[in-house]
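Report on the structure given below.
Chains as they are written, first to last, in this note's numbering: chain L, 3 to 121; chain W, 3 to 121.
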């Protein structure tokens, strides 16, 4: 396999809230996604989910707290925890999660993105 | 849990080739490590291993190629593949791998670091 350059991968798509897979490790996937605006409340009942901010800043609203993340910061949303990501300005994020995880979790809606799309 | 700031975590240790765990997702760990010089040839027979460069640059020598990585780049060393990381100048790297993975893989030696040390 080749190395992955985040900046180069991020030039290849421009839509928001639609994660692109860039690498797999065992049965886990590394995805890049561009966020802007407010996502929907959702959870993932079978897995934790990692957010790593590559560029910009974002927030993760949860029931009892809101975590703000800047470049070079990460957060692990625990399995089952309801959360709502948001970003005032466009933010570039790496997600790490098992194969098969859908962006809106248990909730299907307008923002549900096609799963397992590579870039 | 709290968010993880890579720069802040990296101020907390200075030794080379000794990964520190900063977060867990399911049964996987995210580790920060400082590299300088040449590591030993080794492999991990049960798992792929992810390298993400946070600061600086490094190389991963393998039998048939050498991959050079800079900031914002990642590489997945496939399960079982013999590799030797190196860095001319100090380089800060995030590793992602299952709990229990020892830095020197199948080979125990002077550079074998204690496993599961958190920072």
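Note that beta-carbon positions come from the ideal geometry of N, C-alpha and C, so glycine has one too.
- If the five residues before and after residue 76 (chain L) are omitted, its C-beta is found closer than 7 Å to the C-beta atoms of 52, 53 and 54, all from its own chain and listed in chain order.
- Separation of residue 104 (chain W) and residue 46 (chain W) (C-alpha to C-alpha, rounded to the nearest whole angstrom) is 8 Å.
- Counting only Cβ-Cβ distances below 7 Å, residue 68 (chain W) has no contacts in chain L at all, with the closest Cβ about 11 Å away.
- Interface annotation for the segment 91 to 120 of chain W against chain L: 96, 98, 99 and 100, criterion Cβ-Cβ distance under 9 Å.
- The C-alpha of residue 14 (chain L) is placed about 11 Å away from the C-alpha of residue 35 (chain L).
- Chain W has no Cβ within less than 8 Å of the Cβ of residue 37 (chain L).
- In the displayed model, residue 65 (chain W) falls within coil according to three-state DSSP, outside both helix and strand.
- Contact with chain W is absent for residue 47 (chain L), since none of that chain's Cβ atoms lies less than 8 Å from the residue's Cβ.
- If the five residues before and after residue 30 (chain L) are omitted, its C-beta is found closer than 6 Å to the C-beta atoms of 100, all from its own chain and listed in chain order.
- Counting of Cβ neighbours within 10 angstroms places residue 4 (chain W) among the exposed residues, the total staying below 16.
- In the assembly as shown, residue 66 (chain W) is an exposed residue. Its beta-carbon has fewer than 16 other beta-carbons within 10 Å.
- With a threshold of 16 other beta carbon atoms within 10 Å, residue 119 (chain W) falls short and is exposed.
- Taking the Cβ atoms as the reference, residue 58 (chain L) lies roughly 7 Å from residue 73 (chain L), within the contact range of under 8 Å.
- Here the C-alpha atom of residue 8 (chain L) lies approximately 19 Å from the C-alpha atom of residue 9 (chain W).
- Any Cβ of chain L closer than 8 Å to the Cβ of residue 9 (chain W) would place that residue at the interface, and such an atom is present.
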